[in-house]
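Residue numbers (our numbering): 168 to 341.
This report refers to the structure that appears directly beneath it.
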């Protein structure tokens, strides 16, 4: 259909959810979200190695949040896991999302991080809807839309005979 300057809304332009533009956008969001976490993790690894002590200090200061004393207990008693885990897991989550492999599993890890970050901002000086909450929504979006199936390795892995024999693996993929 030709463009009609008098009635621009009469022009045909389709953005179907199952169309190519939606697939491009979902893949783009997955890669950008992955880069965000990969960059955060790799920077910590370069600067501090596997001894990222700020993570435990951050959790020990999370008093008065909706999680009660859980983060404080974690920061005190799980330092052996948190200090190497934060940079390592952020890096791995980012790599998995950028490649689109084990996307739902990786995005679930991102959800855990973002819930802790969001609730850790107990003062909510910028309101309930802040950058941490938006990050949480990005990771949930990756899970719900099975973002790894759009130009990601999950689409290739799901075609393998092993996954066909074990269809529950699709809950981790996609």
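Think of the CB as a built atom: it goes at the ideal place given N, C-alpha and C, for glycine as much as any other residue.
As the structure is a prediction and not an experimental result, all values here were calculated from the model.
In the structure shown, residue 233 adopts coil according to DSSP, grouped into three states. For the stretch 202-250, there is no continuous beta strand (DSSP E) assignment of 3+ residues that stays within its boundaries. The beta carbons of residue 258 and residue 209 sit closer together than 8 Å.
DSSP places residue 322 inside the alpha helix (DSSP H), whose first and last residues are 320-324.
Non-local beta-carbon contacts of residue 313 in its own chain, meaning distances under 6 Å to residues more than five positions away in sequence, involve 341 in chain order. In this structure, DSSP gives residue 327 a state outside helix and strand, which the three-state scheme calls coil. Taken atom to atom, the span from the alpha-carbon of residue 270 to that of residue 306 is near 10 Å.
DSSP, read as helix, strand or coil, puts residue 296 in coil. Look at residue 266 here: in three-state DSSP terms it is helix. Under the three-state reduction of DSSP, residue 194 is assigned to helix. With contacts defined by Cβ atoms closer than 8 Å, residue 261 and residue 192 do not form a contacting pair.
In summary, residue 254 is buried, with 16 or more beta-carbon neighbours lying within 10 Å of its beta-carbon over all protein chains present.
For residue 283, the secondary structure class from DSSP, reduced to helix, strand or coil, is helix. Excluding its 5 nearest sequence neighbours in each direction, residue 263 has C-beta neighbours in its own chain below 8 Å: 201, 269, 270, 272, 273, listed in chain order. A direct Cα-Cα distance of roughly 18 Å separates residue 329 from residue 315. In the three-state reduction of the DSSP assignment, residue 186 falls in the coil class.
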